[in-house]
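In what follows, a structure is listed as C-alpha cells, so that the remarks can point back to it.
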Amino acid sequence: MNHIADCLYKITADIQLSAQNSGRAPPRLIAVSKGHPIAAAEQALRAGQYLFGENRVQEASQKFPPLRYSFPSLELHLIGALQTNKIKQALSVFDVIHTLDRESLALELVKHRDLLAQKKLLIQVNTGSEPQKSGVLPNEADIFIEQCLNRHRLPVVGLMTIPPADQDPAPHFSLLARLAEKHGLRELSMGMSADFETAIAHGATYVRIGTAIFGKRD
Ligand SMILES: *Cc1c(COP(=O)(O)O)cnc(C)c1O
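As numbered in our numbering, residues 26 to 243 make up the sequence shown, in order.
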C-alpha cells in the first residue's frame with residue numbers, strides 16, 4: 026500500500042468513528058487535491074476514492090479530464106471562488122460547485138441553464154463575516170438562498186462554509202446547519218483536516234480534506 030492509500034484508509038475510519046460517536050450518518054469524503062500533481066489524484070482513485078475537490082478552474086481543467094476516461098465514476102467539486110468569466114469552463118470540468126456566493130454569479134449561471142442539467146450547486150456562507158473571505162453574509166443568506174431557489178430556479182442542494190481560522194468552528198457549523206434546515210437544503214459542506222470531527226457532530230454531509238490525505242501543499 027502506498028502512503029496516500031494509507032491516509033485515505035485512516036481518514037475514512039476516523040470519519041466513521043466520528044459519525045458513530047455523534048449518532049450521525051457518515052459524510053462523503055471529498056479528497057482535496059489542489060496543489061498536488063495528477064499522480065497523487067490517480068493514486069487516490071486507484072485506492073477507491075472517487076470524489077475530488079479543487080479550488081481553481083484552470084488547475085482542475087489540466088488535471089482531471091484525462092482521468093475521467095479511466096475512472097468514469099470520478100466526481101469533481103469546485104471548492105474555490107468562481108469568476109463569472111470562467112463559468113462555462115467550470116461547468117465543463119466540475120460536477121458540483123460549492124461556491125455560489127453572489128447575485129451576479131447566480132445571474133450568470135442562469136444564462137447557462139442548459140449546462141446545469143446534471144450539476145449541483147451549494148451556496149457558500151461567510152459565517153464569520155470575514156472581510157477577506159467569500160461567501161454570502163449570514164444576515165443576507167436567507168434572501169440570497171430564497172432567490173437562488175425560487176426566482177432563479179438554480180439547482181441548489183446545500184450550503185458550504187469555511188469557519189474563521191482562529192475561532193472555535195462549532196458555532197459556525199451550527200449556524201450553517203440551522204440555515205440549511207430552514208430552507209430545506211440537504212447538503213452541508215463543512216469540515217477540513219483540522220475540524221472535520223466537529224463538523225460531523227453538527228451534521229456535515231460532505232467533508233473536504235486535503236492535507237490529511239495528500240500531505241502539505243507547497
Ligand atoms: C484547501 C481547502 C480544503 C482542504 O483543507 P485541508 O486543511 O488541507 O484539509 C477544504 N476546503 C477548502 C474550501 C479549501 O480551499
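We put the beta carbon where it would ideally sit given N, CA and C, even for glycine.
Query, Result
"Buried versus exposed call for Met26 [16 or more other C-beta atoms within 10 Å across all chains shown]", "Note on Met26: pLDDT 46, under 50, position unreliable in the model; the coordinate value appears next. With fewer than 16 Cβ atoms within 10 Å of its Cβ, Met26 is classed as exposed."
"Distance CB(Ile225)-CB(Arg49) smaller than 9 Å", "yes"
"Around ligand 1, Cβ to any heavy atom closer than 5 Å, ordered along the chain", "Val57, Asn80, Ile104, Met217, Ser218, Arg233, Ile234, Gly235 and Thr236"
"Same chain, Cβ closer than 7 Å to Glu84, neighbours up to 5 away in sequence not counted", "Lys59"
"Under the three-state DSSP convention, the category Lys241 falls into", "coil"
"Beta strand (DSSP E) runs wholly inside the segment 84 to 122, at least 3 long, in chain order", "100 to 103"
"Inter-stretch contact at 8 Å, needing at least 3 Cβ pairs: the segment 111 to 119 / the segment 149 to 159", "no"
"Exposure label - Asn46; buried when at least 16 CB within 10 Å", "exposed"
"Nearest-angstrom Cα separation, counted from Arg176 out to Leu54", "31 Å"
"Which of helix, strand or coil DSSP assigns to Met26", "With a pLDDT of 46 at Met26, under the threshold of 50, the predicted position of this residue should be treated as unreliable, though the coordinate-derived value follows. Correct three-state label for Met26: coil."
"N-terminal and C-terminal residue of the alpha helix (DSSP H) that Arg203 is part of", "Ala195 to Lys207"
"CB of Pro52 within 9 Å of CB of Thr230, strictly", "yes"
"C-beta contact flag for Gly160 and Gln149 at 9 Å", "yes"
"Where Ser129 sits in the DSSP three-state scheme", "helix"
"Closest Cα partner of Gly240 within the set Pro194, His61, Leu204 and Thr37", "His61"
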